Structure formats: C-alpha cells, structure tokens
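A short worksheet on the structure shown next.
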Amino acid sequence: MHTKTLAQLSVLLQSKQISATELAQHFLNRIADSNLNAFLHVDPAFTLEQAATADARIAAGTATALTGIPIGHKDIFVTRHLRSTAGSHMLENYVSPFDATVVDKLAAAGMVTLGKVNCDEFAMGSSNENSYFGAVKNPWDTTAVPGGSSGGSAAAVAARLAPACTGTDTGGSIRQPAAFCGITGIKPTYGSISRYGMIAFASSLDQGGPMAQTAEDCGMLLNAMVGFDQKDSTSLERQPEDFNRDLNKSLQGLRIGVPKEFFGAGLAVDVEQAVRAALDQYVKLGATLVDISLPKTELSIPVYYVIAPAEASSNLSRFDGVRYGHRAADYKDLNDMYTKSRTEGFGDEVKRRILVGAYVLSHGYYDAYYLQAQKIRRLIAQDFAAAFEQCDVIMGPVAPSVAWDLGAKSDDPVANYLADIFTLSTSLAGLPGMSIPCGFGQGEKNAKRPVGLQLIGNYFAEAQLLNIAHQYQQATDWHQRAPE
Amino acid sequence: MQWEVVIGFETHVQLKTNSKIFSGSSTQFGAEPNTQASPVDLALPGVLPVMNKGAVEKAIQFGLAVGATIAPESIFARKNYFYPDLPKGYQISQFEIPVVQGGYVPCIVEKDGKPALHQIQLTRAHLEEDAGKSLHEDYQGMTGIDLNRAGTPLLEIVTEPVMRSATEAVAYAKALHSLVMWLDICDGNMQEGSFRCDANVSVRPVGQKEFGTRCEIKNLNSFRFLEEAINIEVRRQIELIEDGGTVVQETRLYDPDRKQTRSMRSKEDSQDYRYFPDPDLPPLKISREWVEQVRNTMPELPSAMRHRFVEQYGLSEYDASVLTQSKATATYFEAVVTAAGTSLAKAAANFMMGDVASTLNREGIEIHAIPVSAAQLAVLLQRIADGTISNKIAKEVFSGMWEAPSAEVNLADQVIEAKGLKQISDVGALEKIIDEVMAANQQSVDEYRAGKEKAFNSLVGQAMKATKGKGNPAQVNELLKKKLAG
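As structure tokens, this is what we get:
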C-alpha cells in the first residue's frame with residue numbers, strides 16, 4: 000500500500016478497495032517501526048478517528064479526491080490537537096488553540112493526519128540537524144542528512160511512512176530535502192498558500208507546499224492548499240484552477256533555459272552528470288535547451304542571509320517566556336527572565352540568525368545592509384524576468400552536491416549557507432520552484448544518495464511546471480525508486 | 000537672561016472603532032483582563048495582522064479636518080523592543096511614510112489678557128497599535144499583564160515645536176481634544192486613556208536659533224496637570240542651566256502630588272527600535288475616490304463651519320473660531336440664530352461669548368448641560384432687539400431664566416414680567432424722572448454746563464438708578480442731553 004502514489008491511493012479509496020482506516024493503520028505501523036526520527040508527535044487514536052470520519056464520507060458519497068489519504072504536517076504548521084514545536088525547545092510543549100489554514104483546508108478535503116514531522120528549528124537550516132529533537136536520517140543512507148529544513152517531511156515520503164507531507168520553503172527548504180531524499184516537492188508562487196498558522200521565519204519569503212512521490216500527487220495537493228485567505232494579508236486572490244489540468248501536454252517546442260551560473264566550478268561532477276542527463280531526456284521529449292544567464296546568482300547568498308535573518312529576528316521576538324513557550328525556572332528580574340528563557344529556549348543556529356538580523360537592522364547599519372539587500376533583491380527578480388524572455392522554464396541542479404554526511408557541516412554554518420546557492424534566488428523573486436528526482440550520485444558513498452533536478456517557472460506557472468515534471472516522470476522511473 | 004520656551008506635542012488618540020486595528024477583537028473599555036485578546040493580539044505562533052479599514056477611515060477624517068495631505072501610499076513599519084505588554088516584541092506603527100502629513104489645528108490662546116487665534120502646525124499623524132497594560136500593584140511583587148488594550152488603534156499626532164508657553168500648549172491640547180470628539184473618531188476620555196499627551200519641552204536664550212536640549216514629559220492625563228508639569232519642567236531646566244548644569248535628553252514623568260518631574264529613562268541610551276517595513280502588511284493605498292467617499296460621509300468640518308459663520312452671519316474670524324471650538328457650542332449657537340433670525344447673529348455671538356460662557360464657567364458645566372435652551376435664548380435676544388429690555392437688564396433676565404428652568408419657549412417674557420424688568424421707553428415717564436434727577440443733582444448739572452464732560456455720566460448713572468436700571472439707555476441719554484442743553 001505504501002508504495003502507491005497518492006493518486007493511486009485515491010482511486011483505491013474511492014472504489015472502496017481499501018479503507019481509510021486500513022490505510023492509516025498501515026502507515027502508523029510503519030512510523031512506529033521507523034528509526035529515522037522523521038515523526039515527532041503521533042497519536043494513533045486521533046488519526047484513526049479522522050480515518051473513520053473519512054470512511055464515512057466516502058460511504059456517503061461526499062468525498063473529495065483527497066479524502067482518506069494520510070498526510071504528515073511539518074511541525075512548523077500549528078495544529079490544535081498535536082503539539083507544534085517548530086523543532087524547538089522553546090515550544091516543546093506548545094499546543095495551539097487553532098489550526099493553520101493549510102491544515103484546515105486539507106482536513107476539510109478529508110485528509111487524515113498521521114502526525115507532525117521533524118524539521119530544522121524554526122525552519123532555519125539545510126540538513127535537519129538543527130532540530131532540538133535530534134537529526135533526521137536520510138532513508139537512502141542513514142549516515143547522511145535528509146536536507147532541510149523540511150527534512151522530516153522529505154524522509155517520511157521517501158521512506159514511505161506517508162504518501163505525502165506538507166513542507167515549507169523559505170530559501171529552498173522544500174526543494175533541497177526533496178532532492179536529497181529523491182522525492183518531488185514544489186514551492187508555489189509567493190502568496191499562493193496562506194501563511195496563517197505557519198510559524199513565521201522570514202515573512203516575505205516563507206511559502207508552504209506539498210512534498211510527495213510525483214508531480215501529479217503534488218498537483219492534487221496544491222488544488223486543496225492554494226487559495227486566498229482573508230487572515231493573511233500577503234495572500235493572493237488567484238482565480239481557482241486545477242493545477243493538474245495540463246499534465247499531459249506535449250513538451251514539443253518547450254524552451255528550457257540553462258543558467259550558466261548554475262554549472263560553475265562549485266558544482267559536483269556527479270550532480271552535474273545526473274542533471275545534464277535529465278536535460279538530454281527533455282530534449283528527447285521535444286524541448287530545446289537555451290543558454291541563459293542569471294548574473295546575480297552569487298549575490299543571492301548575502302542578500303538572503305541579510306533579509307531572512309532580519310525578518311526572523313523580529314518574528315522570533317514573541318518567544319519571550321511571557322505568555323507561552325519556555326520560561327526559565329529561576330530569574331531575578333524581567334531582563335534576566337528574557338535572557339535566560341531565550342538562551343535556554345533557542346538553539347545555536349537560531350541565535351546566530353537573530354544576532355545577524357538585529358545587527359543588519361540596527362541604526363547605522365540598516366542602509367548598508369538591509370536596505371541594500373532589498374535593492375539587490377529587486378535586481379535578482381529582474382534577472383529572471385529577462386531570462387523568461389528567452390525561455391519558458393529554467394532548469395538546473397537543486398544543490399551543488401548530493402546529501403552530505405550527518406555531522407559533516409555542523410561546525411561550519413557558512414558552508415551550509417553556501418550550499419543554498421541554487422535555490423535562494425527563486426525565493427527572493429517569489430517565483431515557483433520545483434524539485435524532481437533525476438538520478439543518484441557516483442562513488443561508493445554517493446551512489447546511494449539521490450540527485451534532484453530543479454525547475455523554476457514564471458509567476459503563477461505551477462500548472463506548467465507540473466506538466467513539465469509529469470512528462471519526465473512518464474518517461475523515467477527515478478521517482479518510483481524507494482530505499483530498501 | 001531672557002528665556003524662550005519651546006514645546007512640541009505628541010498625542011496618542013485612541014480611535015473609536017469597534018474592533019482593533021489588526022485583529023477583530025473588541026475595543027470596549029473595562030472588560031475582565033485578557034478577555035478581549037485573540038490569538039492575533041496574543042502574538043501566538045503563526046498569527047498575522049489584517050488591517051481594519053475603519054481605523055484608516057478615521058485617520059482620513061482627521062487628515063481632512065486639519066487640512067493635511069493624505070498619503071496615497073503609506074507603509075506600516077515594525078518598531079522592535081521587548082516589554083511584557085507588547086506581545087509580538089514589536090509594535091506595528093508607521094515610520095518613514097505616515098498616512099497623514101502636515102495640517103494645522105487652530106486654537107484660542109490668552110496672552111496679556113487678550114485672546115488670539117493661533118494655528119498650530121502639525122508635522123504628521125500616523126496609525127499604530129496600542130500596547131497592553133502593565134499593573135504593578137496587587138500582584139505580590141509581580142506585575143499583572145492585561146492584553147485587552149493590545150492592538151487598539153491609535154492615531155499619533157505630532158506637532159512642530161511651535162508652541163511657546165504652557166498656556167498655548169494647553170489651548171492646543173484642548174482644541175485637539177475637542178476636534179477629535181467633534182469628528183467622533185475618539186471618545187476623548189482622558190481617565191480611560193483615550194487621549195494621551197506627551198510634551199517635548201526645551202528652553203533657549205531669546206534670540207538663539209538652535210533649540211535647547213529637550214525632555215519628554217509623559218503621564219499627563221489632565222489639562223491641569225499638563226499646564227503644571229510644563230511650567231515646572233521649564234523652571235527646572237532654567238534653574239539647571241543658570242546653575243551651570245546642562246539639560247540631559249530624557250523622558251520624565253510628572254508627579255502631581257510632589258509637583259515635580261522626575262527622570263524615567265534616558266532618551267540618549269534609549270532603544271534602537273530597528274524600524275523596518277512590516278513584511279506581513281502590503282503598503283496602505285488610499286485612492287482619491289476613497290478620500291472623497293470619506294469626505295462625503297463626514298459632518299460639516301469645524302473649519303468649514305467657521306468659514307460659513309463668517310460668510311453667512313458676518314462674524315469675525317475670531318468669533319467664529321471661538322464658537323466652533325466644540326460641536327456642542329456651534330450647534331447651540333446655530334440653533335439660536337435659526338430661531339432668532341440671521342440679523343441677530345452677531346448679538347447671539349456676543350451673548351454666547353459673554354454671559355453664557357461666563358455662567359457655564361462659573362457653574363463648572365459644559366454647554367450640553369445648559370438649562371436655557373437655544374430657542375429660549377433666541378427669545379431673550381429678540382427682546383433686546385425690540386427694545387423690551389436693555390442689554391444690561393438682559394443679564395438679569397438670563398440669570399432668572401437659568402435659575403428657574405422651564406420648558407416654556409417664552410421663558411424670557413415670563414421672567415421679565417415676573418420681575419417687572421420691562422424697559423422704560425415712555426418719553427413722558429423718562430422726562431419726569433430726569434427732571435427729578437437734575438433737580439436733585441444741581442451741582443453735576445452746573446459742572447456739565449461749565450464744560451465738565453464727566454458730570455454727564457454721573458447724571459446718567461443717577462437717572463438709570465432712579466429707573467432701577469430699566470430706563471432705555473439711548474432714550475435717557477438723548478433726553479438728558481436735550482434737557483441739559485436747555
């Protein structure tokens with residue numbers, strides 16, 4: 000059952016060949032037996048209750064395509080029943096009085112919550128090693144990182160502990176773990192999916208998105224997740240659409256932009272090979288490759304690592320021990336309480352980013368750092384606008400290498416930041432970006448570790464991205480591979 | 000050394016919306032603590048602000064009333080600092096680009112006994128959210144935090160440093176207070192914290208161009224304290240400088256019991272608020288259409304009414320300003336004129352600024368509680384105009400009406416009748432009295448005929464006394480002159 004895609008499970012459920020209860024129980028068993036540390040909070044009784052409700056809906060004929068399908072939610076989305084920790088000691092015992100809009104919408108469609116999945120603390124990280132609750136292991140090679148910050152989500156799908164999980168992507172946090180774990184994930188255009196109930200990291204960059212086995216699965220989830228939310232002032236009023244409507248369109252004449260900056264010196268040979276092989280496959284499907292340039296690519300690293308920490312430093316001020324979350328046991332006055340609670344509650348990477356963020360916003364530095372970064376951000380978006388004059392979609396690697404060993408980069412935060420180079424600019428521009436599996440690395444260690452192909456579309460082009468991905472997935476079988 | 004006082008004001012006006020500026024919670028005062036604080040107000044993980052259009056409309060109304068520029072696009076910014084009554088750890092405010100820019104508030108200032116019209120220039124007014132309340136007593140050494148108030152919409156109104164005395168500052172504060180209530184954008188309840196003034200005070204030698212170092216005085220919740228505090232602070236600064244010290248830029252609180260200001264925190268090593276545009280809120284766009292829409296739903300603005308009183312009733316600018324200081328006064332005045340007739344508008348204005356104002360003052364009540372109705376006052380004015388009573392007697396009639404209120408529109412007539420105050424205009428009767436007065440005051444008569452003008456007044460006085468004040472003054476004057484001329 001667990002090898003089936005979401006689309007396949009949907010058919011089985013609708014035709015009553017399996018029940019939601021069976022399906023839920025099956026995945027709950029697999030989760031219980033797993034030692035990947037992907038799931039943080041699981042309540043079987045709660046899950047089975049939802050499954051029973053789904054079964055009743057299916058029986059009554061009021062089901063949707065997603066009714067009865069189990070899903071894991073990244074612990075950055077608040078939920079009423081299960082705890083929401085954002086991977087942090089600060090919120091270790093926090094239970095939200097409301098559900099995130101995304102959770103609400105998927106529940107309304109009849110999805111069954113398997114549990115909350117692990118992530119880097121407050122979505123800050125690229126390896127899921129920054130979680131207070133321990134690192135997540137990559138199911139392909141348990142000595143490797145699964146990527147981050149949605150490492151739990153990616154590992155869970157790859158290990159078939161869930162047919163799909165929600166993730167969030169601020170600078171690549173859906174795409175990169177999807178690549179490292181050999182699954183499919185998409186970050187839609189900024190503003191498409193409501194951020195209400197998504198614990199904020201960087202407000203102008205955060206976007207939720209689905210992570211699953213196939214493009215088609217992601218499209219089914221997008222259909223339920225995307226939509227205007229009155230409670231989120233940055234939410235867009237997009238006309239309702241079926242994101243899977245163009246899956247079967249031919250790719251004849253498709254112009255694929257290949258940015259030269261994505262294939263420079265820092266790119267690992269084995270990753271390049273897998274990506275170029277994928278591009279060749281696209282040519283076979285009727286596409287043409289166009290050389291393009293995204294000149295500001297390198298600048299995206301300092302720009303992102305100024306803007307995101309700045310917004311985060313402000314967003315995380317509410318975690319002060321006053322109303323909820325961790326409060327130090329002993330303190331002598333207000334400032335002492337603040338200091339101790341936040342020192343104890345936050346991990347190192349979070350503290351690092353808060354410090355950087357406060358610094359770049361401070362008097363005397365704001366103009367040189369924050370304001371300047373926002374100006375360059377606009378130039379980065381203009382790079383893409385110019386590129387899309389010459390091509391319909393941009394493709395390249397998701398990360399400069401396959402997944403690294405657990406612990407390998409823990410002492411070098413900047414090394415982690417540099418590895419984000421291919422995904423940051425998409426987020427800065429607010430464009431939709433996707434990752435699909437396209438092969439594996441080479442060499443004794445890397446041969447087990449997946450490689451992802453990144454697809455970057457123009458604003459609101461999610462249906463087109465899914466079409467382009469789907470055609471590749473019809474012609475290849477990387478997306479069907481699963482670890483032993 | 001001659002010192003000049005420089006004062007600027009920052010006033011936080013709580014806007015009278017039903018719900019908070021960025022959440023749907025109620026803004027009702029007096030609820031049990033923390034019963035009007037939603038997840039958004041509590042800054043729970045994952046919440047986001049949504050702007051309340053009603054608050055923006057009230058800001059637009061204010062901008063229109065003071066002749067300011069309404070920014071077609073303004074930005075919400077985060078003001079970051081830690082305090083337990085600030086749940087997000089930042090206040091959503093406006094920094095570089097506020098919604099209202101410029102404008103002026105007119106007020107009447109008494110200087111050397113003479114009232115003058117001053118236009119107080121505003122720098123800006125911007126929207127922001129209020130913080131919660133910290134209660135330091137009753138909690139056994141801890142502090143109680145009530146977040147009901149957190150998120151209430153505020154309009155922060157900032158003046159240029161153009162005021163030069165505590166008197167002027169209080170006049171401005173009162174005029175602003177009146178204006179926001181006139182517009183119905185604020186309930187003006189200073190005890191409940193709906194209208195909070197902070198004064199920025201500095202001194203400099205007369206003639207010096209540069210401003211002296213200023214101190215901010217907070218915690219001024221009455222007009223009386225405002226005036227006291229400013230004067231005390233001015234004295235403190237002058238004494239300090241004259242003793243060879245320097246004024247430190249800081250925030251001070253006024254202690255009304257000890258009659259002194261004391262330092263609260265230094266504005267110097269004060270916070271760096273790390274302002275940046277709030278990424279959760281798009282720029283606030285206000286179209287021409289929206290402004291016009293708001294303008295059309297507004298009551299007649301004080302400035303428009305002022306202008307109309309001048310044009311329609313022939314009042315002076317000064318008189319019109321006094322009568323439009325509050326909506327209640329203006330409404331009353333206009334009702335009087337409507338009942339009495341436009342030809343009596345000036346008379347009505349004078350009477351209101353004179354006897355009515357002084358009586359209200361003495362009794363310590365506001366005009367909405369006046370026991371004499373506009374229609375009744377109109378009748379009184381008509382009786383002066385038609386000669387039934389003199390101006391002087393009218394004061395007595397007015398007192399009589401005030402002391403024995405009734406619903407009768409013709410109350411003036413009743414009082415005149417009851418007290419026998421009708422003016423004596425009958426020539427025969429007056430001549431007789433004047434003859435008697437002249438006979439009894441031969442010395443004054445002789446002095447006047449000898450050229451002493453002052454003697455005339457004394458004779459008039461005697462004549463009026465003899466008529467018990469009811470003599471028609473113009474008639475008495477004329478007849479006496481005639482008789483003295485022989």
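Each protein sequence line maps, in turn, to chains A and B.
Per numbering that gives the first Met the number 0, numbering of the first sequence is gapless, rising by one per residue and ending at 483.
Per numbering that gives the first Met the number 0, numbering of the second sequence is gapless, rising by one per residue and ending at 485.
All residues carry an ideal CB built from backbone N, CA and C; glycine is no exception.
Source: prediction; values computed, not measured.
- Of all residues in the segment 42-61 of chain B, those with a C-beta nearer than 8 Å to a C-beta of chain A are Ala42, Leu43, Pro44, Gly45, Val46, Leu47, Pro48, Val49 and Met50, reading in chain order.
- Per DSSP, the beta-bridge partners of B/Tyr253 are B/Thr260.
- Considered as a whole, the segment 15-92 of chain B harbours 76-79 and 89-92 as its complete beta strand (DSSP E) runs of no fewer than 3 residues, in chain order.
- Proximity of chain B to A/Tyr195 at the Cβ level (cut-off 9 Å) is accounted for by Gly45, Val46 and Leu47, in chain order.
- In the three-state scheme derived from DSSP, where H, G and I count as helix and E and B as strand, A/Arg159 is classed as coil.
- Between B/Pro160 and B/Phe210, the gap from beta carbon to beta carbon is short of 8 Å.
- Counting only residues of its own chain and dropping the five nearest sequence neighbours on each side, B/Ala374 has a CB closer than 6 Å to the CB of Ala338 and Val408.
- Pairing A/Ile420 with A/Pro399 gives a Cβ-Cβ distance under 8 Å.
- Within the segment 273-303 of chain B, the residues whose Cβ lies closer than 7 Å to any Cβ of chain A are, in chain order, Arg273, Phe275, Pro278, Asp279, Leu280 and Pro281.
- Taking one beta carbon from each stretch, the segment 99-107 of chain B and the segment 63-70 of chain B have 3 or more pairs nearer than 8 Å; the two touch.
- Per DSSP, the unbroken alpha helix (DSSP H) holding B/Ile383 starts and ends at Ala373 to Ala384.
- DSSP places B/His125 inside the beta strand (DSSP E), whose first and last residues are Lys113 to Glu128.
- DSSP places B/Leu219 in the uninterrupted beta strand (DSSP E) bounded by Cys214 to Leu219.
- For B/Gly143, no CB of chain A lies under 8 Å from its own CB, so it is not counted at the interface with that chain.
- An exposed status is given to B/Met141, since fewer than 16 other beta-carbon atoms sit within 10 Å of its beta-carbon.
- Nearest in C-alpha terms to B/Val12, of all of B/Asp197, B/Lys113, B/Asp279 and B/Arg448, is B/Asp197.
- By the CB criterion at 8 Å, A/Leu250 and A/Ala163 fall outside the cutoff.
- Within chain B, the C-beta atoms nearer than 7 Å to that of A/Ile198 come from Pro44 and Gly45, in chain order.
- Annotated as proximal: A/Leu315 and A/Ile353, with beta-carbon spacing under 8 Å.
- Short of 7 Å from the beta carbon of A/Ala460, and not among the five residues preceding or following it, lie these beta carbons of its own chain, in chain order: Pro431.
- Scanning its chain for C-beta atoms nearer than 7 Å, with the 5 sequence neighbours on each side dropped, one finds around B/Ala36 the residues Ser24, Leu146, Asn147 and Ala149, in chain order.
- Annotated as distal: B/Gly131 and A/Gly196, with beta-carbon spacing of 8 Å or more.
- Using a Cβ-Cβ cut-off of 8 Å, B/Asn220 does not count as an interface residue toward chain A, since no Cβ of chain A sits closer than that to its own.
- Where A/Trp477 is concerned, there is no enclosing alpha helix (DSSP H), because DSSP gives it neither an H nor an E.
- Burial state of A/Ser125 is buried, judged by a 10 Å Cβ sphere holding 16 or more other Cβ atoms.
- Contiguous beta strand (DSSP E) elements confined to the segment 370-401 of chain A occur at 392-396, taking only those with 3 or more residues.
- For B/Gly206, the closest of B/Trp2, B/Gln461, B/Ile237 and B/Ser342 by C-alpha to C-alpha distance is B/Trp2.
- Residues of chain A whose Cβ lies closer than 8 Å to the Cβ of B/Tyr89 are, in chain order, Ser313 and Ser316.
- When 8 Å is used as the limit between beta carbons, B/Phe81 is near these residues of chain A: Ser316, Asp319 and Tyr337, in chain order.
- Among the residues facing chain A, B/Pro86 is included, as its CB has a counterpart in that chain under 8 Å away.
- Within the DSSP bridge table, the entry for B/Ala198 names B/Phe8 and B/Ile216 as partners.
- Note that the C-beta distance between A/Ala161 and A/Pro69 is below 8 Å.
- Per the coordinates, the alpha-carbon of A/His1 lies some 14 Å from the alpha-carbon of A/Gly67.
- Residue ranges of uninterrupted beta strand (DSSP E) with 3 or more members, entirely inside the segment 6-75 of chain A and ordered along the chain, are 38-40 and 69-73.
- Distance from the CA atom of A/Asp269 to the CA atom of A/Gln441, rounded to whole angstroms, is 6 Å.
- By the criterion of a C-beta distance shorter than 7 Å, B/Phe222 is surrounded in its chain by Val169, Ala172 and Lys173, once the five residues flanking it on both sides are discounted.
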